[in-house]
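Okay, so here's the structure we're looking at.
Numbering (my numbering), first residue to last: 30 to 543.
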């Protein structure tokens, strides 16, 4: 895999998410850019002009097409800022552009800080004449940014649209995290990236592919990129496989890109960890419980999580097929979600052949903190020789849950409070597993004990653990002991107890209802 190909993909496609209005033709009314990253929609400069006193666009005196578009940006913090036109619009793009950055208060008294008419790698494919420049930005300083065609013939009636992107690589140290998956023809690559950057722009990282971890270290490029490749070993005599290409975009709201050959790739958010000053804690500190509903599976997965005041999270549970899930990491800022904090999770399963992945979102809510998720997936490889899930699992997840904070001498989360603790263990009939519906009366007392009537032939038993997870068993119609695992959780004001009955061909649903 060639470095130029991967780097071009990153330069053109990664890392700058926020959008704003198009630039103006006038320096004094330049469009204001806010924040640390920006990706503009297309702007036409066909009828733009040059103001009297405008300075050259380059350090060697080039004035361009004299159809300048203007933006201005005040740096929110110190760091290397990159502005570019490397992601051209689809409709009537200007192929050869200039970009320049100035300081100063008026158009006829500007100081050129940085300029570019190409990118330093000159490996940008169709955007070969896109412009880019990087400069060191100082917090609080306002920078004026201009884009123009390279010369008069660059801007025509059929080529007059430009875009501007801006990205800031902060000077301060930071920790960032991401998860990924790549869908291949017969399998799925998956893993995580944990990344720590210093104020000197060096970094250390751990990149995982399935269950194998690769330590990384280096120094970022001026734009905040790092790229490498991981060899994929094959049996002796087998055709070689393309290496796994990795690009890290460490800028604010940057991305993680993992590629395999020409056909397969994954772009994922690379998110910065929350930091909490001394004496300050996250507003979602505490315990959470919830279910992982898998499309096409009768039984849900179950999960519990503990969020510490410093934002560190430990998560445990079971997937829908009973596979054990454990993960830990910090809450991060997810620029694609409104959650208070997000935990990116990828648990490698089945000897590295499958996984459960999700961005778990913890949200501070007046009616009780919520646990939800996005970018989810559960992949279990098919195995026709196996009786248990022979077709495998390949599904997204729906995560429903909330904070778990039971009060002393009360039923946890007020479960079955409306029926004074009376309920039923309910297991619907399921082909090849449960011949007919099972329903067993129970009581749930204020000490959070499940009590079944004595001398019950099924010998049902349930226990609520301190984490909110529920374990137990019963005898089926054949007298076989069946193990159950569930969770007590609250979502949208409802308290529910649901989980899975371990089966021979699949797991099936159980629940406790009034």
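From the three backbone atoms N, C-alpha and C, an ideal C-beta is built for every residue, glycine too.
Checklist entry - Cβ of residue 372 within 9 Å of Cβ of residue 358? => result In this structure, residue 358 lies closer than 9 Å to residue 372 by Cβ.
Next on the checklist: On a Cα-Cα basis, can you pick out the residue from 204, 474, 455 and 481 that is closest to residue 542?
Outcome noted: Closest by alpha carbon: 455.
Checklist entry - How would you call residue 284, buried or exposed, if buried means at least 16 neighbouring beta carbons within 10 angstroms? => result Label assigned to residue 284: buried.
Next on the checklist: I need the DSSP call for residue 172, collapsed to helix, strand or coil.
Outcome noted: Strand, per DSSP.
Item to check | Three-pair Cβ contact test at 8 Å for the segment 412-429 versus the segment 442-454 | outcome: Segments in contact, no.
Checklist entry - Who does residue 456 pair with in a DSSP beta bridge? => result Paired residue(s): 467.
Checklist entry - If you draw a straight line from the alpha carbon of residue 107 to that of residue 198, how long is it in whole angstroms? => result Take the alpha-carbon of residue 107 and the one of residue 198: they are about 8 Å apart.
Checklist entry - Can you give the Cα-Cα distance for residue 72 and residue 256, rounded to whole angstroms? => result Using only the alpha carbons, I get a separation of about 32 Å.
Item to check | Contiguous beta strand (DSSP E) assignments of at least 3 residues, all confined to the segment 305-367 | outcome: Counting only runs of 3 or more, we get 315-323, 330-336, 341-347 and 353-359.
Checklist entry - If you drop the 5 nearest sequence neighbours on each side, which residues of the same chain put their C-beta closer than 8 Å to that of residue 476? => result The residues 438, in chain order, have a CB closer than 8 Å to that of residue 476 in the same chain once the five nearest residues on each side in sequence are set aside.
Item to check | Contact check, residue 88 vs residue 125, beta carbons under 9 Å | outcome: No; because the gap between Cβ atoms is not below 9 Å, this pair is not in contact.
Checklist entry - Is residue 181 helix, strand or coil when you go by DSSP? => result Residue 181: helix per DSSP, three-state reduction.
Checklist entry - To the nearest angstrom, how far is it from the Cα of residue 361 to the Cα of residue 340? => result Their backbone Cα atoms lie some 8 Å apart in a straight line.
Checklist entry - Does the pairing of the segment 206-213 with the segment 73-92 give three or more beta-carbon distances under 8 Å? => result At 8 Å Cβ cutoff, the stretches do not touch.
Next on the checklist: Quick test of the definition: if touching needs 3 or more C-beta pairs under 8 Å, does the segment 466-473 touch the segment 427-438?
Outcome noted: Touching, no, given that fewer than three Cβ pairs across the two stretches are closer than 8 Å.
Item to check | Contacting residues, own chain, Cβ-Cβ under 8 Å from residue 536 (five flanking each side not counted) | outcome: Only 326, 327, 328, 349, 350, 351, 529 and 530 meet the Cβ criterion.
Item to check | the segment 375-395 contacting the segment 508-520, beta-carbon criterion three pairs below 8 Å | outcome: Using a C-beta cut-off of 8 Å, the segment 375-395 makes no contact with the segment 508-520, since fewer than three inter-stretch Cβ pairs fall below that distance.
Checklist entry - Cβ of residue 344 within 9 Å of Cβ of residue 331? => result The criterion of a C-beta distance shorter than 9 Å is not satisfied by residue 344 and residue 331.
Item to check | Cβ pair residue 277, residue 254 closer than 9 Å | outcome: A contact, by the Cβ cut-off of 9 Å.
Checklist entry - Terminal residues of the continuous beta strand (DSSP E) containing residue 400? => result 399-409 is the extent of the beta strand (DSSP E) around residue 400.
Checklist entry - Does the distance from the CB of residue 161 to the CB of residue 177 come in under 9 Å? => result No.
Item to check | Inter-residue Cα distance where the pair is residue 525 and residue 452 | outcome: A straight line joining the alpha-carbon of residue 525 with that of residue 452 spans about 12 Å.
Checklist entry - What do you get for residue 31, buried or exposed, if any count of 16 or more other CB atoms within 10 angstroms of its CB means buried? => result Here residue 31 scores only 32 on pLDDT, less than 50, and its place in the model should not be relied on; the value that follows carries that caveat. Residue environment: residue 31 is assigned as exposed (fewer than 16 neighbouring CB atoms within 10 Å of its CB, all protein chains considered).
Item to check | Backbone CA spacing between residue 156 and residue 117 [nearest angstrom] | outcome: Only weak support is given to the placement of residue 156: the predicted model assigns it a pLDDT of 45, under 50, and the value that follows is read from those uncertain coordinates. C-alpha separation (whole angstroms): 7 Å.
Checklist entry - Can you find at least 3 beta carbon pairs, one from the segment 54-69 and one from the segment 89-105, that sit closer than 8 Å? => result Verdict: yes, contact present.
Checklist entry - What residue from 247, 313 and 494 has the CA that sits closest to residue 369's CA? => result Taking the Cα of residue 369 as reference, the smallest distance to any Cα among 247, 313 and 494 is reached at 313.
Next on the checklist: Can you tell me whether residue 134 is buried or exposed? The criterion is at least 16 other CB atoms within 10 Å of its CB, across all chains shown.
Outcome noted: Exposed, because fewer than 16 other Cβ atoms sit within 10 Å of the Cβ of residue 134.
Next on the checklist: Once the 5 residues before and after residue 238 are set aside, which same chain residues still bring their CB inside 7 Å of it?
Outcome noted: The residues are 218, 220, 259 and 273.
Item to check | Between the CA atoms of residue 385 and residue 378 - distance to the nearest angstrom | outcome: Rounded to whole angstroms, the separation of the alpha carbons of residue 385 and residue 378 is 8 Å.
Checklist entry - Which value, in whole angstroms, describes the spacing of the CA atoms of residue 431 and residue 503? => result The alpha-carbon of residue 431 is positioned some 28 Å away from that of residue 503.
Checklist entry - Does DSSP put residue 155 in a helix, in a strand, or in coil? => result The pLDDT assigned to residue 155 is 40, lower than 50, so where the model puts this residue is not dependable, and the model offers no usable value.
Next on the checklist: Taking the beta carbon of residue 480 as the centre, do at least 16 other beta carbons fall within 10 Å, making it buried, or is it exposed?
Outcome noted: With fewer than 16 Cβ atoms within 10 Å of its Cβ, residue 480 is classed as exposed.
Checklist entry - Excluding sequence positions up to five away, which residues of its chain have a Cβ less than 6 Å from the Cβ of residue 522? => result Within the same chain, and ignoring the five residues on either side of residue 522 in sequence, no residue has its Cβ closer than 6 Å to its Cβ.
Next on the checklist: Taking the straight line between their C-alpha atoms, what separation do you get for residue 54 and residue 111?
Outcome noted: About 22 Å.
Item to check | Anticipated Cβ contact below 8 Å, residue 428 with residue 402, distance rounded | outcome: About 4 Å separates the beta carbon of residue 428 from that of residue 402, a gap short enough to meet the 8 Å contact definition.
Checklist entry - Looking only at its own chain, which residues have a Cβ that is under 7 Å from the Cβ of residue 324, when we skip the five neighbours before and after it? => result Result list for residue 324: 424 and 425, in chain order.
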